[in-house]
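First up is the structure itself, then whatever we jot down about it.
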Amino acid sequence: MEDEPVNIREFEERAKQVLPKMFFDYYNGGAEDEHTLRENMEAFKRIMLRPRILVDVSKIDMSTTLLGYKMQSPIIVAPTGIHKYAHPEGEVATARAAAACNTLMVLSFSSSRKLEDVASSCNSLRFYQLYVYKNREVSATLVRRAEKYGFKAIVLTVDTPRLGRREKDIKNKLILPQLSNLEGLLNVDVEQKGGSDLEAFASQTLDPSLCWKDIEWLRSITSLPIILKGILTAEDAVKAVEIGASGIVVSNHGGRQLDYAPATISVLEEVVKAVSGAVPVLLDGGVRRGTDVFKALALGAKAVLVGRPILYGLAAKGENGVKSVIKMLQGELELTMALCGTPSINDITRKHAQTEGDRIR
Ligand code: FNR
């Protein structure tokens, strides 16, 4: 029998072994030179921790809240597409694992399972991630279905007016299955002459004219809170608060959209300062360790979302693999909190992290 992976890196290796190259590359790849993809992880490594000693850490409480919902830890499942590439049960397996770990899951618009099936598979806290298509009625229909099936917020992805250039998918001629939530709603011909089906699909569907005033449209069709995912500057964070967003996700889409966009952890503080507590600021991109979660919290994030590690777990061992990945990150965060002398999430402060900027000052 193979040894259990002991960290996310080993889960990644396991996923690479079991998945067809085309699917592993889709999950793992980024845009163009993949500079931002690597930087997301490298930038975490340049931040050091400032542990405090002789604090009673016999009990560690990782629980926190988001939009009034209690979460067992500040670790959330990010929206990622097409889980059926990793496992036949797809997003249903991921949702069950997230529920077993009391973890919030954000279901992707590009889910390979119907949102109704995901909702009825388990009783857990779920948000729904939205893309706005040229045919607005498709997006509006999905928002209404998500609301009806108990999703508690809409996470509008705002960094994808067009799809980033993912060269691995182009080379592999990535095939795209029918996205199950779009069945009967949208028929797109993705017959490609030698490129990525996803790229062909995205260029026919995504609405590149989406702009700030359209948030009003979204608000007019749902009473759910709206979180904007894909903000990287103070300027846009301020606008997001002004138009009434209920939260912000500092994200560069895991380095899959604009290459040379900054590493998310490097711009988190800028966004947190601009927002000055008006709404929760979340972060995703490059979180592979409990120490990464801790660093993001120290720099002001309310919680983090985790993308690829979940897919590694799903590919390696289905639902149990996702559970192991979530529990691994939760366990690492708990240990980090103990070793830093921060028994609860509120104890984690800016002084527990040392950035490159701090060292120059
Ligand atoms: C994504 N991401 C994404 N985001 C989104 O808003 N809608 C989507 O459908 C997808 N699909 C998707 C597929 C795959 C395979 C990946 C890896 C990512 C981006 C995702 O939500 C998140 O921003 C990043 O994955 C975070 O980076 P890490 O944790 O993967 O480094």
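So for the sequence shown, full-length UniProt numbering puts the first residue at 1; every next one is plus one.
Backbone N, C-alpha and C fix where the C-beta goes; we use that ideal spot for every residue, glycine too.
- Cβ separation of P51 and C340, assumed to be a contact under 8 angstroms, to the nearest whole Å: Locating residue 51 in the sequence shown gives position 51, where the first residue counts as 1. Locating residue 340 in the sequence shown gives position 340, where the first residue counts as 1. That belief holds up - the Cβ atoms of P51 and C340 are roughly 5 angstroms apart, short of 8 angstroms.
- Query: Just the Cα atoms here: how many angstroms apart are S251 and A100?
  - Reply: Start at 1 with the first residue of the sequence shown, and residue 251 comes out as number 251. Start at 1 with the first residue of the sequence shown, and residue 100 comes out as number 100. If I take the Cα positions, the gap works out to 26 angstroms.
- Task: Please work out which residues of its chain come closer than 6 angstroms, Cβ to Cβ, to G254, disregarding the five sequence neighbours upstream and downstream, and give them in chain order.
- Result: For the purposes of this step, residue 254 is identified with residue 254 of the sequence shown, where counting begins at 1. Only G285 and G307 meet the Cβ criterion.
- Item | Nonlocal neighbours in the same chain, by C-beta distance under 7 angstroms from V143, ignoring five residues either side | The residue labelled residue 143 in the question sits at position 143 within the sequence shown. Excluding positions up to five away in sequence, the list reads L130, I154, I221 and T222.
- Task: May I ask you to check if the CB of K229 is nearer than 7 angstroms to at least one heavy atom of ligand 1?
- Result: As a first step, residue 229 must be located in the sequence shown, where it is residue number 229. Yes.
- Item | Which of helix, strand or coil DSSP assigns to I243 | On the sequence shown, residue 243 is found 243 positions in, with the first residue counted as 1. I243 falls in the coil class under three-state DSSP.
- Message: Less than 7 angstroms separating the Cβ of T256 from some heavy atom of ligand 1?
- Response: In the sequence shown, counting from the first residue as 1, residue 256 sits at position 256. Per the sequence shown, residue 256 should be read as Arg rather than Thr. Flag set: Cβ of R256 near ligand 1.
- For V250, verify whether its CB is less than 7 angstroms away from any heavy atom of ligand 1. Sequence index remark: in the sequence shown, residue 250 carries index 250 (1-based). Checking the Cβ of V250 against ligand 1 gives no.
- Does any heavy atom of ligand 1 sit closer than 7 angstroms to the C-beta of P343? Here residue 343 refers to the residue found at position 343 of the sequence shown. For ligand 1, not one heavy atom lies less than 7 angstroms from the Cβ of P343.
- At which residues does the beta strand (DSSP E) containing Y128 begin and terminate? Position 128 of the sequence shown, counted from the start, is the residue given in the question as residue 128. First-last of the beta strand (DSSP E) with Y128: R126 to L130.
- Alpha-carbon spacing of V238 relative to I231, whole angstroms: For the purposes of this step, residue 238 is identified with residue 238 of the sequence shown, where counting begins at 1. For the purposes of this step, residue 231 is identified with residue 231 of the sequence shown, where counting begins at 1. C-alpha separation (whole angstroms): 10 angstroms.
- Which of the three DSSP states, helix, strand or coil, is assigned to L268? Within the sequence shown, residue 268 is the residue found at index 268, counting from 1. DSSP places L268 in helix when its eight states are reduced to three.
- Message: Per the DSSP calculation, Y26 is bridged to which residue(s)?
- Response: Against the sequence shown, residue 26 aligns to sequence position 26. None; Y26 has no bridge partner.
- Item | Neighbour-count burial assignment, P20, 16 or more Cβ in a 10 Å radius | The residue you call residue 20 lines up with position 20 of the sequence shown. Classification of P20: exposed, given that the 10 Å Cβ count is below 16.
- Could you give the residue range of the alpha helix (DSSP H) that holds M105? As a working mapping, residue 105 is identified with position 105 in the sequence shown. It is not in any alpha helix (DSSP H) - M105 instead sits in the beta strand (DSSP E) that spans M105 to L107.
- Beta carbon of T36: closer than 7 angstroms to some heavy atom of ligand 1? Taking the sequence shown and counting its residues from 1, one reaches residue 36 at position 36. Answer for T36: no, Cβ out of range of ligand 1.
- Endpoints, beta strand (DSSP E) assigned at V281: Start at 1 with the first residue of the sequence shown, and residue 281 comes out as number 281. Where V281 is concerned, the enclosing beta strand (DSSP E) stretches over V281 to D284.
- Task: Kindly indicate which residue of S58, F23, Q72 and H35 has the alpha-carbon position closest to the one of I326.
- Result: Taking the first residue of the sequence shown as 1, we reach residue 326 at position 326. Of the candidates S58, F23, Q72 and H35, the one whose C-alpha sits nearest the C-alpha of I326 is Q72.
- Would you call E356 buried or exposed, if buried means 16 or more other Cβ atoms sit within 10 Å of its Cβ? Position 356 of the sequence shown, counting from 1, holds the residue named residue 356. Exposed.
- Query: Which of helix, strand or coil does DSSP assign to M48?
  - Reply: Counting from 1 along the sequence shown, the entry for residue 48 is found at position 48. Residue state, collapsed to three classes: strand.
- Query: For ligand 1, any of its heavy atoms closer than 7 angstroms to the Cβ of Y312?
  - Reply: Here residue 312 is taken as the residue at index 312 of the sequence shown, counted from 1. Because no heavy atom of ligand 1 lies under 7 angstroms away, the Cβ of Y312 does not count as near it: no.
- ligand 1 heavy atom lying under 7 angstroms from the CB of S108: The count along the sequence shown starts at 1 and reaches residue 108 at position 108. S108: yes, Cβ under 7 angstroms from ligand 1.
- DSSP state of Y260 mapped onto helix, strand, coil: Numbered from 1 along the sequence shown, position 260 holds the residue referred to as residue 260. Y260 falls in the coil class under three-state DSSP.
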